[in-house]
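Student: Below is one structure. I have some questions about it.
Residue numbers (our numbering): 2 to 142.
This is the structure:
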């Protein structure tokens, strides 16, 4: 196979996968919205009955409280984390884009302690643009 055949096959598969994903996403969203309606009804019943769980032959419904914490002032919170020495309040991951930017120009220093990098080649295939011009090059004798 030549590179054009490989690219064409790749694009055909990607297009088919995109169609499948779109169909799945639509069907899944419809099912999710039905579940949300059912969850709201179950929350209403739990509230009316003052129950945190209701056992039925089909399953047990449990009402829980979920707390979600949002940082309004990152500078203040960052100072708090440092002052109280509680880095465990933050998620343990490196922001790859910011880290790459930080390392730009510091390659000779090496990576900071405790950091490793995994590099791999990837392929990106783009659709041809409307401005792409195809032409054949012929040898002139």
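A virtual CB, placed ideally from N, CA and C, is assigned to each residue, including glycine. Here the structure is a predicted model, which means the values were calculated and not measured.
Taking only the alpha-carbon atoms, compute the straight-line gap between residue 24 and residue 38 and give it to the nearest angstrom.
Tutor: 22 Å
Student: What is the DSSP secondary structure of residue 2, counted as helix, strand or coil?
Tutor: coil
Student: What number of angstroms, rounded off, separates the C-alpha of residue 101 from the C-alpha of residue 112?
Tutor: 11 Å
Student: Let me check understanding here. Comparing Cα to Cα, which of 126, 98, 130 and 124 lies closest to residue 118?
Tutor: 98
Student: Taking the continuous alpha helix (DSSP H) assigned at residue 82, which residues delimit it?
Tutor: 75-85
Student: Secondary structure at residue 105, three-state DSSP: helix, strand or coil?
Tutor: DSSP places residue 105 in the coil class of the three-state scheme, outside both helix and strand.
Student: Run through the DSSP bridge pairs and tell me what residue 62 is partnered with.
Tutor: 55
Student: For residue 74 and residue 89, I'd like the C-alpha separation in whole angstroms.
Tutor: 18 Å
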